[in-house]
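Following: one structure in structure tokens, then a few remarks.
Residue numbers (our numbering): 319 to 763.
Structure below.
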């Protein structure tokens, strides 16, 4: 019954052979009902609007949770089964970690602080600029936990990040069995010492992890869905280490940091020692009605094309991106251009083509604001004043430029019709990090 250790599952999610059922298995109802307040025990949702009454085989007045329906239907009559996590893992072959890369001075400091937090079971924020090399910094802490037979989970709100992390982590820990869990994964043997999962998958765990590392905590949907934070708390042991990784922590988290309610490791420089590209703002004039072509925009695009620069061109939404694509395809008919958005079935192929240098430029939505790395590109943001482009989004988008050691510079341009507070704040944050990095001697002279 190891499949239930540290897990909390419905009866149809595990082999619930009655002969194997024992008194050690904890059973609790799918919903906690206290007076008029009803909460889902799997995701923590308390909203009446996210519960649906429906006929049920229990033949009583029943309902199910709409909030976590994608994880399988949990009804009022459902039971959740779990076993206490006893960390009964097979002995790991030596060496546990084979990664032999060299950390920068600031990475080394953060790595030691993470390891210390793992030992002391602290909560720590790693506030690292885009391209600081966050993944490599967590390896020593993971190794420390694995040596002590502790269970570790690296979670991210985005499937893309999990898919990119898995091979990198497996390469660093080749002798450690790893389970990769996301909505479409076919993983059956989930009782592994090291887990990489989307934050939604944490709903199926209960007091499992000695160390929980949440990457991209500022990313959608983690920022918009409070039940994911509930799931993260439920998934870790009462005495455990929680590591947050972010380039753009929330205002709430920054306030906790100022009030010394949260400890943090701040990394203001990229691993290669070059400053973050600081965005330049270019006014496009008044907004044009209908599908009129903005000549200033075309002139700017011609400038980048003539300089033989490859670039990402961000649009605030799919409709505007597709309208723009028709215009640029006609204007730059000799160039290889594509567009990509969250619902694009060829999304991965197009991103790969851009990585390989097969595209001259790529139009995109905020789907590419994080989790992707291109070698030598510039970044343009069209309609940077749109509410889609928050301070955090603009900082992340700016971070797509200058990431590679061999190409550490790149232009970032905010193309706007009206200057916004978020644009100003994003630029201020980037400049502040560069200033801090210089003060600490992390920027190459």
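In this text, a Cβ means the ideal position worked out from N, Cα and C, and glycines have one as well. Since the structure is predicted, the reported quantities are computational estimates derived from the model, not experimental observations.
About 5 angstroms separates the Cβ atoms of residue 533 and residue 563, confirming a contact at the 8 angstroms cut-off. The DSSP-derived three-state label of residue 569 is helix. Between residue 719 and residue 593, the C-beta gap is not smaller than 8 angstroms, which leaves the two residues out of contact. A straight line joining the alpha-carbon of residue 557 with that of residue 580 spans about 17 angstroms. A Cβ-Cβ distance of about 5 angstroms is found for the pair residue 537 and residue 475, placing them in contact under the 8 angstroms criterion.
Relative to residue 421, the option among 453, 740 and 435 whose CA is nearest is 453.
Three or more beta-carbon pairs drawn from the region 674-689 and the region 647-655 are found closer than 8 angstroms, and the two stretches are therefore classed as touching.
Secondary structure of residue 528 (DSSP, three-state): strand.
In this chain, the alpha helix (DSSP H) harbouring residue 457 covers 457-465. With a contact defined as Cβ atoms closer than 8 angstroms, residue 498 and residue 396 miss out at about 27 angstroms. The three-state reading of DSSP puts residue 755 in helix, counting H, G and I together. Assignment of residue 355 by DSSP, reduced to helix, strand and coil, places it in the strand class. Between residue 585 and residue 445 the beta-carbon gap is near 7 angstroms, inside 8 angstroms, which marks them as a contact.
For residue 622, the enclosing alpha helix (DSSP H) begins and ends at 613-624. Sixteen is the threshold: since fewer than 16 other Cβ atoms of the shown chains lie within 10 Å of the Cβ of residue 727, the residue is exposed.
Taken in chain order, the whole beta strand (DSSP E) runs of length 3 or more contained in the region 348-427 are 349-352, 355-358, 369-371, 381-383 and 397-400.
A straight-line Cα-Cα distance of about 41 angstroms links residue 624 and residue 542. The count of Cβ pairs closer than 8 angstroms, one atom from the region 375-391 and one from the region 357-364, reaches three, so the stretches are in contact.
In the DSSP assignment, residue 477 falls outside any beta strand (DSSP E) and lies within the alpha helix (DSSP H) extending over 477-490. Residue range 544-553 is occupied by the alpha helix (DSSP H) that includes residue 545. Among the bridge pairs identified by DSSP, residue 441 is matched with 560. DSSP places residue 656 outside any alpha helix (DSSP H); the residue lies instead in the beta strand (DSSP E), whose first and last residues are 655-658.
Between the C-alpha atoms of residue 554 and residue 447 there is a straight-line separation of about 27 angstroms. In the structure shown, residue 683 adopts coil according to DSSP, grouped into three states.
The region 473-491 makes contact with the region 511-522: 3 or more CB pairs, one atom from each, lie closer than 8 angstroms.
600 is the residue among 744, 687 and 600 whose C-alpha sits nearest the C-alpha of residue 732. The beta carbon of residue 479 lies closer than 7 angstroms to those of 533, 534 and 689 in the same chain, with the five residues before and after it left out. In the three-state reduction of the DSSP assignment, residue 474 falls in the strand class, which pools E and B. Fewer than three pairs of CB atoms, one per stretch, sit closer than 8 angstroms, so the region 740-759 makes no contact with the region 569-579. Under the DSSP assignment, residue 326 falls in the beta strand (DSSP E) whose first and last residues are 326-328.
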